[in-house]
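Student: Let me give you the structure first, and then I'll get to my questions.
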Amino acid sequence: MITIITNKILGKNSTSSKRADGRASDELRPFKIEAGVLERADGSAYLELGGNKVIVAVYGPRELHIRRLMQPDRAVLRCRYNMAPFSVDDRKRPGPDRRSVEISKITSEALMPAVFLEKFPRSTIDVFIEVLEAEGGTRCAGITAASVALADAGVPMRDLVVACAAGKFEGEVVLDLSEVEDKDGEADVPVAIMPRTGEITLLQSDGNLTPEEFGKALNLAIEGCMKLSEAQKEAIIKRYGD
Amino acid sequence: MGVTIIPEIIRESLNNLVKNGERSDDRSFDDYRDIYLETGVISKAEGSARVKIGKTQIMVGAKPQIGEPFSDTPNVGVLMTNSELIPMASPDFEPGPPDERSVELARVTDRCMREAGVVDLEKLCIIEGKKVWMIFLDLHIIDYDGNLMDAAVLGSMAALMDTKIPEARVEDDEVVIDPEKKVPLPIKEKALMCTFAKIGGELIVDPSLEEEQVMDARISLGMRADGSICAMQKGGMHPLNKDEILKAVERTGEITKKLMEHLPQNNQ
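Chains as they are written, first to last, in my numbering: chain Y, 1 to 242; chain Z, 1 to 268.
What follows is the structure, given as structure tokens:
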């Protein structure tokens, strides 16, 4: 059962940061992760990060009906990232657009390295990411929740992929850009890692950064990932015990 | 859309249960599963609701936009309903453009709200013939365990009651929107839907997924708070007879009255 926090309190202005919501430069927005929130799906997860609300369902491994996609030696991992029409200020027209098609692709590539796909030849694992409300950083939120949903579905994995973005806002490198910071900021660097090895499974960068700034942003994003990673594990432990 | 195959033994046992006056989850024929309704769940949506009937779960969002009225109704706002049976909700749902089930769900929901006159659409006119409010209702089905129709209408009703739109004024023939000033959507009626499935020769309310899979036919009735019928839709492979339909109408009165108690008491 999902409890949706309908809060608008994002940060409490405790620090002297320049950020609109008063967060420190290395501070994540408030978040929570829950595993096993849907009845029909094989695995599911719900994540809130600041004003983002993302729900993920996993089906499979199951039979793949589209023969041309079938891999004789491993499963395919298909992702569908989709935004609800009511998730943004101006209603989004339903259905896939170029942005969501791209995010679907990089999400599946971010998750694939962690999954033992070779155990399930000729089948598919389907990951459905629905953004119910967007407030900056939905692709990362989707990936983080998707790993938990995969684990909830019992899909064997090497690690729980976790994602977080860093970026630059008003000249400062900051962690976990909010919607305002994403829109008005100078750069956005979403990163996904496998925390056990530190391997990066997704990296994008959008905007202008000096190499130093980029290095700083990457480190910051990885730090954010490690914090979220703890919450992922807690969500699974909460559902299944130790 | 995939096809789930129902074992004959389940079909038989569900039919036999109903013939003995029972159901697999011990409900009576007129009982709904547990209903859960929450509004204001999406802050970016001007109105929203999450509804659960048993394990079926729908998120509904309402978003207003300014647009042109239809030429035959120049002084009337527009209410549009759209539904997505997203693949998250069931192993049988596939991604892609809305299929016939999704279109039926959206249209029946739309009809129920529209015909009941739930929203006072004339009050949504800003400049006659030019600018009106268009309210988009989006049904996002996230868990499908039977009886989407009733959940969709309940969620839509709740989302509309939760909706606040910005104030729009006309200055020199231009529409000026004040996003700071929100006014409740003018709600003038309440309507809900009640769905029966025909199994074992009987009509049972709020079919679960299992029951939907074995039902011969389905009938959904939209009813206003005053007991008048605002929409009706029959579905399923088998016919219903007149008596059955009249019985369903008769039973809907009491059932809808109870169902109404789940709605928020006042508009906002």
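Here a beta-carbon is modelled for each residue, glycine too, at the ideal position from N, C-alpha and C.
1. Give me the chain Y residues within the contact set of Ser48/Z, using Cβ-Cβ distance strictly less than 7 angstroms, ordered along the chain.
2. To the nearest angstrom, how far is it from the Cα of Lys198/Z to the Cα of Met237/Z?
3. What does the alpha-carbon distance come out to for the pair Pro72/Y and Val127/Y?
4. Below 7 angstroms between beta carbons is the criterion; list the residues of the region 75-86 of chain Z that meet it against any residue of chain Y, in chain order.
5. Using a C-beta cutoff of 8 angstroms, does Gly67/Z count as contacting chain Y?
6. Mark Val170/Z as exposed unless 16 or more other C-beta atoms lie within 10 angstroms of its C-beta, in which case mark it buried.
7. Are any of the Cβ atoms in chain Y nearer than 8 angstroms to that of Gly61/Z?
8. Is it buried or exposed, Lys19/Z, if we count other Cβ atoms within 10 angstroms and call 16 or more buried?
9. Please check if any C-beta of chain Y sits within less than 8 angstroms of the C-beta of Ile10/Z.
10. Got a sec? Which residues, its chain only, sit under 8 angstroms from Ile127/Z by beta carbon, not counting five neighbours each side?
11. Using only the alpha-carbon positions, how far apart do Phe155/Z and Phe116/Y sit?
12. Which one or two residues does DSSP pair with Ser228/Z in a beta bridge?
13. Taking DSSP as the reference, what is the three-state secondary structure of Gln213/Z?
14. In terms of residues, what are the limits of the alpha helix (DSSP H) holding Leu150/Y?
15. With DSSP run on the structure shown, which of helix, strand or coil describes Ser28/Z?
16. Check whether the region 61-72 of chain Y touches the region 89-97 of chain Y, counting contact only when three or more Cβ pairs, one atom from each stretch, lie closer than 8 angstroms.
17. Specify the secondary structure class of Lys242/Z as computed by DSSP and reduced to three states.
18. Excluding the five sequence neighbours on either side, which residues of its own chain have a C-beta within less than 6 angstroms of the C-beta of Met193/Z, listed in chain order?
19. Could you check whether Ser25/Y and Gly36/Y sit closer than 8 angstroms to each other, using their CB atoms as the reference points?
20. Out of Gly50/Y, Asp42/Y, Ser205/Y, state which residue places its alpha-carbon closest to the alpha-carbon of Val58/Y.
21. What are the partner residues of Ala62/Z, as DSSP defines its beta bridges?
22. Hey, how far is the Cα of Ala146/Y from the Cα of Arg23/Y?
23. Please report the residue range of the beta strand (DSSP E) in which Tyr240/Y lies.
24. Among the residues of its own chain, which have a CB less than 7 angstroms from the CB of Arg23/Z, if the five just before and after it don't count?
25. Less than 8 angstroms separating the beta-carbons of Ala192/Y and Ala163/Y?
26. For the beta strand (DSSP E) that contains Ser44/Y, what are its first and last residues?
27. Using a beta-carbon distance cut-off of less than 9 angstroms, what residues from the region 126-144 of chain Y approach chain Z?
Tutor: The short version:
1. Phe86
2. For the pair Lys198/Z and Met237/Z, the Cα-to-Cα distance works out to about 11 angstroms.
3. 20 angstroms
4. Asn82, Glu84, Ile86
5. So no, Gly67/Z is outside the interface.
6. exposed
7. yes
8. The residue is exposed, with fewer than 16 neighbouring Cβ atoms inside 10 Å.
9. no
10. Val170, Asp173, Val175
11. Note on identity: in this sequence residue 155/Z is Gly, with Phe being the wrong assignment. About 40 angstroms.
12. According to DSSP, Ser228/Z bridges with nothing at all.
13. In the structure shown, the three-state DSSP call for Gln213/Z is helix.
14. 138-152
15. coil
16. no
17. helix
18. By the criterion of a C-beta distance shorter than 6 angstroms, Met193/Z is surrounded in its chain by Cys112, Met149, Asp150, Val153, Ser220, Gly222, once the five residues flanking it on both sides are discounted.
19. no
20. Asp42/Y
21. Gly47/Z, Leu137/Z
22. 26 angstroms
23. Not the beta strand (DSSP E): Tyr240/Y falls in the alpha helix (DSSP H), residues 211-240.
24. Leu17, Ile204
25. yes
26. For Ser44/Y, the uninterrupted beta strand (DSSP E) segment begins and ends at 43-49.
27. Within the region 126-144 of chain Y, the residues whose Cβ lies closer than 9 angstroms to some Cβ of chain Z are Asp126, Phe128, Ile129, Glu130, Leu132, Glu133, Ala134, Glu135, listed in chain order.
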